[in-house]
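J.: Sharing a structure with you now.
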Amino acid sequence: WLGSFFGIIASIAYVGIGFTPWDLNLIAHMWCVYIAFPVSLPLTVCYIIGIYSECNLPKRMAISFFGYLFILSFYLYLLFFGPASATETGRMIQVVGQKIIIYATNLLMIFQKVRKFKLNN
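Just so you know, we're using my numbering here: the sequence shown kicks off at 2 and counts up by one.
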């Protein structure tokens, strides 16, 4: 249930990121960014533990979450300790980092859905 809790919080914040473009409402956008991405870290850890503790799921599914955890950790480092988004270069680096983590999230979800579909058939 803990993973679901983190998932709901992160999902609401991701929706907030989409509904508050940085150029129109920077404060709300960054508030959502600072919730969505950090909350995704314990969410991912909960999923890894959940997959490893479920004997009917292949451990390969958890390995993909470890890869995602590495990418997410790098992005969080960039978000909190990387270049400031106040400069053009810093903003570009932050935006590219954000796009990479979003694409990594989408690829992870596709991989998990395909694996689960294969298990059910």
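Idealized CB from N, CA, C, for every residue including glycine.
Would you mind working out which of Leu120, Phe38, Tyr104, Val115 sits nearest Ile18, comparing C-alpha positions?
T.: The residue given as residue 18 occupies position 17 in the sequence shown. Nearest of Leu120, Phe38, Tyr104, Val115 to Ile18, Cα basis: Phe38.
J.: CB-CB under 7 Å to Ala105, same chain, minus the five flanking residues each way: which ones, in chain order?
T.: As a working note, residue 105 is residue 104 in the sequence shown. Once the five neighbours on either side are set aside, the close Cβ partners of Ala105 are Tyr69, Ile72.
J.: Hey, would you say Pro59 sits closer than 8 Å to Phe7, going by beta carbons?
T.: By one-based count along the sequence shown, residue 59 stands at place 58. By one-based count along the sequence shown, residue 7 stands at place 6. Their beta carbons are not under 8 Å apart, which means Pro59 does not touch Phe7 by this criterion.
J.: With a threshold of 16 other CB atoms inside 10 Å of the CB of Tyr48, please say whether the residue is buried or exposed.
T.: Indexing the sequence shown from 1 puts residue 48 at position 47. It is buried - the Cβ of Tyr48 has at least 16 other Cβ atoms within 10 Å.
J.: Kindly indicate the opening and closing residues of the alpha helix (DSSP H) around Leu42.
T.: By one-based count along the sequence shown, residue 42 stands at place 41. Residues 27-54.
J.: Note down, in chain order, each residue of its chain lying with its Cβ closer than 7 Å to the Cβ of Leu77, except the 5 sequence neighbours on either side.
T.: Here residue 77 refers to the residue found at position 76 when the sequence shown is read from its first residue. Excluding residues within five positions, the ones whose Cβ falls inside 7 Å are Phe38, Pro39, Leu42.
J.: Going by CA-CA distance only, name the one from Val96, Ile10, Phe75, Thr45 that's closest to Asp24.
T.: Looking up residue 24 in the sequence shown gives position 23. Looking at the Cα atoms, Val96 is the closest of the given residues.
J.: Assuming Ser65 and Phe20 form a contact by the criterion Cβ under 8 Å, report the distance between their Cβ atoms to the nearest whole angstrom.
T.: Reading the sequence shown from its first residue, position 64 is the one you call residue 65. Reading the sequence shown from its first residue, position 19 is the one you call residue 20. In fact, because the Cβ distance is near 29 Å, the residues do not count as touching under 8 Å.
J.: Would you report the Cα separation of Ile94 and Met110, rounded to the nearest angstrom?
T.: Taking the sequence shown and counting its residues from 1, one reaches residue 94 at position 93. Taking the sequence shown and counting its residues from 1, one reaches residue 110 at position 109. Using only the alpha carbons, I get a separation of about 24 Å.
J.: I need the straight-line Cα distance from Tyr15 to Thr88, nearest angstrom please.
T.: Within the sequence shown, numbered from 1, the residue matching residue 15 stands at position 14. Within the sequence shown, numbered from 1, the residue matching residue 88 stands at position 87. Distance between the alpha carbons of Tyr15 and Thr88 is about 24 Å.
J.: Got a sec? Which residues, its chain only, sit under 6 Å from Arg116 by beta carbon, not counting five neighbours each side?
T.: For the purposes of this step, residue 116 is taken as residue 115 along the sequence shown, with counting starting at 1. If the five residues before and after Arg116 are omitted, its C-beta is found closer than 6 Å to the C-beta atoms of Met62, all from its own chain and listed in chain order.
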